[in-house]
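I have placed the structure first, in the form of structure tokens, so that the comments after it can refer back to it.
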Ligand code: PLP
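In our numbering, the protein residues as written are 1055 to 1455.
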């Protein structure tokens, strides 16, 4: 049978980072000893008290359908978290729970955008923003952010990108793929621009909130100005710091009108996130954050190992990232060099393909994130494995001429 797919689905592509993760898994299944530094996933186990809460929920028969956009108990835990950790005072009616932070962002953009509405996305960017905007018939406006400003959006760049079609700004802090962190003052100067444009909505993706190193402190744009909070959706989730990627649980706080629209959409799609995951998330949010402090120490050590290895490779330069768990080195100086097979490295995709083939390590080309000439290394692998991967990469580059 011959049939066509919708224009809507043809507009988007499968997440490139998910594709790399699939290729890596296939190679491993074929017996290759590939080390993955491509997927943004903690190697730590979900903490015991969170697992236990889920097991208890199953054993107590709490396995039925639940409320559309989250159980009241979980919404209360999220409300309390926003208030105590971010000084954001949301009402229960201003909170939405979804199947991952990704679904929260998807629901929001689908509820906010009309065809042709422009969405400003600082670039490099997390791969899904662009496709979700396109799926929602919006127009992604990628604003190139320079390495000189550590790939962060400047107020001038923001203002230059705004026009009468601008509907939304997406801001991700700490940032995937660069590991950059916006300071309070930087967010303040962005919010000073936004104050002049009351019709622009803000989506703040704070999924890496707890992963801020050195003495930097995390801030989120809605805390800066009530005027901005009224038109911001603050998005977050359990995946990264609570080591719950597979549980699929995310949440957002924002204006009631948007939260209700997102709930309507969710009621006609996934209905609600797994009831069991919701019980687990309540235990996570209401429990101690001590394990996050330990994790952070470990990531910081891995970050330092990663940056130091990478900077020792001729042709690679890497900034020290301040947050999340990614490093984003430049590989431009490798271009023109010849691999042992006689292939010339011409771009970041060639560099990553060479790393995969020769070193059997998967990393992601910067082009996927809107920034060619760089690549992303996710340093969540266990320390010895990470060192082995980086060693293999170093050795592979001693072979190029
Ligand atoms: N936002 C960013 C910036 C991410 O990097 C990711 C996952 O990699 C997500 C959102 C999605 O998180 P979740 O697993 O909660 O859907």
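Think of the CB as a built atom: it goes at the ideal place given N, C-alpha and C, for glycine as much as any other residue.
From a predicted model like this one, the values you see are computed outputs, not experimental measurements.
Whose C-beta lies closer than 6 Å to the C-beta of residue i among residues of the same chain, with five residues either side of it excluded?
| i | result |
| --- | --- |
| residue 1137 | 1143 |
| residue 1242 | 1278 |
| residue 1006 | No answer is possible for residue 1006: the residues shown for the chain start at 1055 and end at 1455. |
| residue 1211 | 1197 |
| residue 1231 | 1178, 1380, 1382, 1423, 1430 |
| residue 1129 | 1146, 1149 |
Less than 8 Å between the CB of residue i and some heavy atom of the ligand PLP, yes or no?
| i | result |
| --- | --- |
| residue 1262 | yes |
| residue 1259 | yes |
| residue 1299 | yes |
| residue 1377 | no |
| residue 1430 | no |
| residue 1182 | yes |
| residue 1062 | no |
| residue 1293 | yes |
| residue 1246 | no |
| residue 1154 | yes |
| residue 1159 | yes |
| residue 1094 | yes |
| residue 1223 | no |
| residue 1303 | yes |
| residue 1230 | yes |
| residue 1226 | yes |
Just to confirm my understanding: we take residue i, look at its own chain, exclude 5 residues before and 5 after, and list those with CB closer than 7 Å. What are they?
| i | result |
| --- | --- |
| residue 1425 | 1177, 1178 |
| residue 1470 | In the structure displayed, the chain extends from 1055 to 1455; residue 1470 sits before or after that span and is not available. |
| residue 1284 | 1309 |
| residue 1098 | 1297, 1349 |
| residue 1417 | 1091, 1092, 1406, 1409, 1429, 1430, 1431 |
| residue 1400 | 1389 |
| residue 1446 | 1413, 1414, 1415 |
| residue 1321 | 1122 |
| residue 1469 | Residue 1469 lies beyond the residue range present for the chain, which begins at 1055 and ends at 1455; the question has no answer from this structure. |
| residue 1209 | 1243, 1244, 1246, 1247 |
Which whole-angstrom value describes the C-beta separation of residue i and residue j, a residue pair presumed to lie in contact below a C-beta threshold of 8 Å?
| i | j | result |
| --- | --- | --- |
| residue 1419 | residue 1432 | Rounded, the Cβ-Cβ distance is 13 Å, inconsistent with contact. |
| residue 1290 | residue 1263 | 6 Å |
| residue 1100 | residue 1090 | Not confirmed; about 19 Å, so no contact. |
| residue 1181 | residue 1423 | 6 Å |
| residue 1131 | residue 1336 | 5 Å |
| residue 1257 | residue 1282 | Not confirmed; about 12 Å, so no contact. |
| residue 1247 | residue 1213 | 5 Å |
| residue 1201 | residue 1222 | About 26 Å separates the two Cβ atoms, so there is no contact after all. |
| residue 1172 | residue 1220 | 5 Å |
| residue 1338 | residue 1104 | 5 Å |
| residue 1233 | residue 1381 | 6 Å |
| residue 1378 | residue 1274 | In fact, because the Cβ distance is near 14 Å, the residues do not count as touching under 8 Å. |
| residue 1303 | residue 1154 | 7 Å |
| residue 1448 | residue 1366 | 7 Å |
| residue 1386 | residue 1427 | 4 Å |
| residue 1421 | residue 1402 | 6 Å |
| residue 1260 | residue 1288 | 6 Å |
| residue 1444 | residue 1360 | 6 Å |
With a threshold of 9 Å between beta-carbons, can residue i be considered close to chain B, or not?
| i | result |
| --- | --- |
| residue 1112 | The structure shown contains no chain B; it holds only a single protein chain. |
Skipping 5 residues on each side, what residues in its chain have a beta carbon closer than 8 Å to that of residue i?
| i | result |
| --- | --- |
| residue 1319 | 1161, 1164, 1165 |
| residue 1251 | 1216, 1220 |
| residue 1325 | 1119, 1122 |
| residue 1437 | 1352, 1355, 1356, 1359 |
*Three or more C-beta pairs below 8 Å linking the stretch 1183-1203 and the stretch 1062-1082*: yes
*Which runs of the alpha helix (DSSP H) fall wholly inside the stretch 1081-1161 and span at least 4 residues, in chain order?*
1102-1113, 1126-1140
_Contact between the stretch 1329-1347 and the stretch 1112-1124 (3+ Cβ pairs under 8 Å)_ = yes
*Uninterrupted alpha helix (DSSP H) stretches inside the stretch 1242-1329 (no shorter than 4 residues)*: 1280-1283, 1310-1321
*At least three beta-carbon pairs within less than 8 Å, the stretch 1388-1397 to the stretch 1143-1157*: no
_Runs of 4 residues minimum, wholly inside the stretch 1339-1368: which ones carry the alpha helix (DSSP H) assignment?_
1344-1365
*At what residue ranges does the stretch 1176-1238 contain a whole run of the beta strand (DSSP E), taking only runs of 3 or more?*
1193-1198, 1220-1226
*Spell out a yes or no on whether the stretch 1159-1173 and the stretch 1291-1300 are touching, meaning 3 or more CB-CB pairs, one atom from each, closer than 8 Å.*
no
*Ranges of the beta strand (DSSP E) found wholly within the stretch 1357-1440, counting only runs of at least 3*: 1429-1432
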